[in-house]
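Engineer: Just so we're aligned, residue 10 is where the sequence shown starts under the working numbering, counting upward by one.
A virtual CB, placed ideally from N, CA and C, is assigned to each residue, including glycine.
Remember, predicted model here, so these are calculated numbers, not experimental data.
Below: one structure in structure tokens.
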Amino acid sequence: MNIVIIGDGKVGHKIVRQLSEESDNVVLIDQSEQKLKNSINELDISCIVGNGASAEIQKQAGVPEADLVIACASTDELNMFCCLLAKRLGAKQTIARVRNPLYFQQIHLLREDLKLSLAVNPDQVLAEEISRVLIFPSAAKIETFVKGRVELVEVSLGPDSRMADLSLVELYRKYQIKMLICAVQREQQVFIPDGNFVLKAGDKIHVAASHKEIERFFKTLGTRKNRVKTVMVCGGGRTAYYLATRLTPLGMQVKIIEQNQTRCEELCELLPKATIIHGNASDHSLLEEEGLDNADAFVALTGIDEENIIMSMYARTRQVSKVITKINEEGLQEMVKEMGMESVVSAKNVTANMVLSYVRAMKNSMGSANVETMYRLIDDKVEALEFLIREKTSYTGIPLRDLPIRENHLVACIVRGRQIIIPGGNDTLEVGDSVIVICKGRMMEDLKDILA
């Protein structure tokens with residue numbers, strides 16, 4: 010595919026890097042020559058120095074022949090204009106990053122006029138990810154498939170875990186829960202496990218099941234945390250706004266601490282059910298005065314990674330049950346995970362996942378199965394994809410045990426009508442099924458890619 014990306018910021022660079030790894034023909038436009046030099050040295054891409062809102066620059070980048078143009082420059086207005094211009098020049102499809110809540114709320118009214126294929130709001134998507142974890146605090150991370158009917162949760166096994174030293178066959182036989190452990194991280198190693206795989210204390214496991222069975226899983230194994238009722242949020246940016254709009258209707262008490270007084274006044278008007286505090290969240294005495302010790306959850310959402318890390322570490326020393334930390338710098342993400350911080354989130358990662366899912370769907374639009382959803386897990390070493398089987402093909406109607414499935418590929422779940430099936434060897438894939446596949450290393454574009 011020929012893809013043009015406008016804007017070499019955090020989100021743009023993440024998308025460029027992942028698409029270039031998938032052998033797409035990627036051209037990057039940015040006004041900073043130094044940024045582009047760094048990107049050329051790191052990635053196998055072409056670069057054009059200039060303003061993405063210029064028709065001449067877009068033509069130089071090959072926009073008239075592009076399959077997809079992705080605009081993630083510094084402002085929403087620029088992104089929307091770039092997409093409109095790209096469509097006029099002949100680009101087949103366009104994606105714009107739109108962050109302003111007012112614009113995003115009305116984007117459905119303008120999408121046709123702006124010729125937009127997709128609008129992505131990183132702050133909203135990140136807030137949705139955080140809210141899922143707060144609603145289900147026993148998990149470190151939760152991804153959803155088939156419109157929320159299937160969940161993929163990340164859980165760490167503590168030193169006293171009932172699952173430690175059990176093989177997966179023994180675990181399933183003992184607890185009789187309809188779930189599948191489909192990926193395991195053990196220190197720096199990653200496994201797509203079979204039934205003989207033995208779990209160890211310290212493992213991070215990814216479990217696929219319905220919401221009901223995930224609840225049974227946590228309850229049965231004694232790792233279920235109490236429901237979150239009070240949430241302290243540090244930083245009053247757009248993500249905090251979206252998060253509060255999701256949590257307050259659920260009856261959660263949300264307290265946002267923001268340093269900018271004007272922003273505090275705005276949030277007071279926008280979020281009448283939340284408590285807005287004007288102050289510096291990095292001041293530990295303020296956190297204590299505002300009830301940190303009584304909070305069920307603490308979410309660090311300032312624009313500075315280091316501040317978020319320090320505040321989260323302090324919240325952990327105060328025994329806050331659930332701590333969520335926003336970190337965009339990937340090197341820091343690795344460090345804090347080594348320090349035991351479980352719930353680390355990143356706006357650029359969730360945005361890149363959405364865009365990659367869309368690109369995969371474009372690539373296999375003529376195939377037998379559509380890519381509906383895609384996530385990258387465990388530092389991008391594992392992919393979890395949802396396919397919708399549209400027509401009969403070589404792998405439908407055949408028991409899974411008779412299919413030559415590639416090593417490190419796993420059919421984790423099949424959704425057929427109202428049925429959620431954790432598959433065994435006798436189960437088959439059928440037309441109309443939603444199929445969730447976990448794979449290590451290989452980048453899948455079609456469901457047939459699971460076959461050896």
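By DSSP, does Arg410 sit in helix, in strand, or in coil?
Structural biologist: Here residue 410 refers to the residue found at position 401 when the sequence shown is read from its first residue. Three-state DSSP puts Arg410 in a helix.
Engineer: On a CA-only basis, which of Glu278, Glu179, Val332, Glu152 is nearest Val237? Give me that one, please.
Structural biologist: Walking along the sequence shown from the start, residue 237 turns up at place 228. The option with the nearest alpha carbon to Val237 is Val332.
Engineer: Which residue spans inside the segment 320-360 form an unbroken beta strand (DSSP E) run of at least 3?
Structural biologist: Fully enclosed beta strand (DSSP E) runs of 3 or longer: 331-335, 352-354.
Engineer: Which of helix, strand or coil does DSSP assign to Ile12?
Structural biologist: What you label residue 12 is simply residue 3 of the sequence shown in a count that begins at 1. Correct three-state label for Ile12: strand.
Engineer: Measuring alpha carbon to alpha carbon, tell me which residue in Lys282, Lys264, Thr326, Tyr181 is nearest His293.
Structural biologist: The residue you call residue 293 lines up with position 284 of the sequence shown. When each option's Cα is compared against that of His293, the closest is Thr326.
Engineer: Do the CB positions of Ile12 and Leu52 come within less than 8 Å of each other?
Structural biologist: Against the sequence shown, residue 12 aligns to sequence position 3. Against the sequence shown, residue 52 aligns to sequence position 43. Not a contact, by the Cβ cut-off of 8 Å.
Engineer: Go to Val107, then tell me how far its beta strand (DSSP E) extends in each direction, as first and last residue.
Structural biologist: Against the sequence shown, residue 107 aligns to sequence position 98. Careful: Val107 lies outside any beta strand (DSSP E) and carries neither H nor E.
Engineer: Checking the sheet assignment: what are the DSSP bridge partners for His215?
Structural biologist: Against the sequence shown, residue 215 aligns to sequence position 206. BP columns for His215 point to Glu163, Ala192.
Engineer: When burial is assigned at 16 or more other CB atoms within 10 Å of the CB, is Pro3 buried or exposed?
Structural biologist: The question about residue 3 has no answer, for the chain in this structure spans 10 to 461.
Engineer: Quick check: the segment 132-149 against the segment 82-93, are at least 3 beta-carbon pairs closer than 8 Å?
Structural biologist: As far as the Cβ criterion goes, the segment 82-93 does not touch the segment 132-149, which means the pair count is below three.
Engineer: Based on Cα-Cα distance, which residue from Gly16, Leu256, Gly21 lies nearest to Val364?
Structural biologist: The residue given as residue 364 occupies position 355 in the sequence shown. Looking at the Cα atoms, Gly21 is the closest of the given residues.
Engineer: Helix, strand or coil for Phe206 per DSSP?
Structural biologist: Taking the first residue of the sequence shown as 1, we reach residue 206 at position 197. Reduced to three states, the DSSP call for Phe206 is coil.
Engineer: Does the Cβ-Cβ distance between Val263 and Val240 come in under 8 Å?
Structural biologist: Numbered from 1 along the sequence shown, position 254 holds the residue referred to as residue 263. Numbered from 1 along the sequence shown, position 231 holds the residue referred to as residue 240. Yes.
Engineer: Alpha carbon to alpha carbon, how far is Gln115 from Val368? Give it in angstroms, no decimals.
Structural biologist: Residue mapping note: residue 368 aligns to position 359 of the sequence shown, counting from 1. Residue mapping note: residue 115 aligns to position 106 of the sequence shown, counting from 1. Between Val368 and Gln115, the C-alpha separation is close to 24 Å.
Engineer: So, for Asp212: in the same chain, excluding its five sequence neighbours on each side, which residues have a beta-carbon less than 6 Å away from its beta-carbon?
Structural biologist: Counted from its first residue, the sequence shown places residue 212 at position 203. Leu166, Val193, Arg195.
Engineer: In terms of residues, what are the limits of the alpha helix (DSSP H) holding Ser29?
Structural biologist: Sequence index remark: in the sequence shown, residue 29 carries index 20 (1-based). Here the alpha helix (DSSP H) through Ser29 covers 19-30.
Engineer: Touch check for the segment 92-110 and the segment 244-261: three-plus C-beta pairs under 8 Å?
Structural biologist: At 8 Å Cβ cutoff, the stretches touch.
Engineer: Three-state secondary structure (DSSP) at Arg369?
Structural biologist: Residue numbering aside, residue 369 sits at position 360 when the sequence shown is read from its first letter. Three-state DSSP puts Arg369 in a helix.
Engineer: Can we say the segment 437-453 touches the segment 379-397, given the rule of at least three CB pairs closer than 8 Å?
Structural biologist: Yes, the segment 437-453 is in contact with the segment 379-397.
Engineer: For the segment 137-163, which segments carrying the beta strand (DSSP E) assignment without a break, of at least 3 residues, lie completely within its bounds, in sequence order?
Structural biologist: Qualifying beta strand (DSSP E) stretches, in chain order: 150-154.
Engineer: By the three-class DSSP mapping on this structure, what secondary structure does Lys124 have?
Structural biologist: Numbered from 1 along the sequence shown, position 115 holds the residue referred to as residue 124. Here Lys124 sits in coil by DSSP.
Engineer: Assign Asn47 to one of three DSSP states: helix, strand, or coil.
Structural biologist: Position 38 of the sequence shown, counted from the start, is the residue given in the question as residue 47. Asn47 falls in the helix class under three-state DSSP.
Engineer: Measure the C-alpha to C-alpha separation of Arg182 and Phe227 and round it to an integer number of angstroms.
Structural biologist: What you label residue 182 is simply residue 173 of the sequence shown in a count that begins at 1. What you label residue 227 is simply residue 218 of the sequence shown in a count that begins at 1. Spanning the two alpha carbons is a distance of roughly 16 Å.
Engineer: Do the segment 252-271 and the segment 196-205 meet, that is, are 3 or more Cβ pairs less than 8 Å apart?
Structural biologist: With a cut-off of 8 Å, the segment 196-205 and the segment 252-271 do not count as touching, because too few Cβ pairs lie within range.
Engineer: Indicate whether the contact test is met: 3 or more Cβ pairs, each with one atom in the segment 55-66 and one in the segment 29-43, closer than 8 Å.
Structural biologist: These segments touch.
Engineer: Suppose you measure from the CA of Asn303 to the CA of Arg399; what does that come to, to the nearest Å?
Structural biologist: Mapped onto the sequence shown, residue 303 falls at position 294. Mapped onto the sequence shown, residue 399 falls at position 390. Spanning the two alpha carbons is a distance of roughly 51 Å.
Engineer: Can you check DSSP and say which residues form a bridge with Val129?
Structural biologist: Indexing the sequence shown from 1 puts residue 129 at position 120. Paired residues: Arg106.
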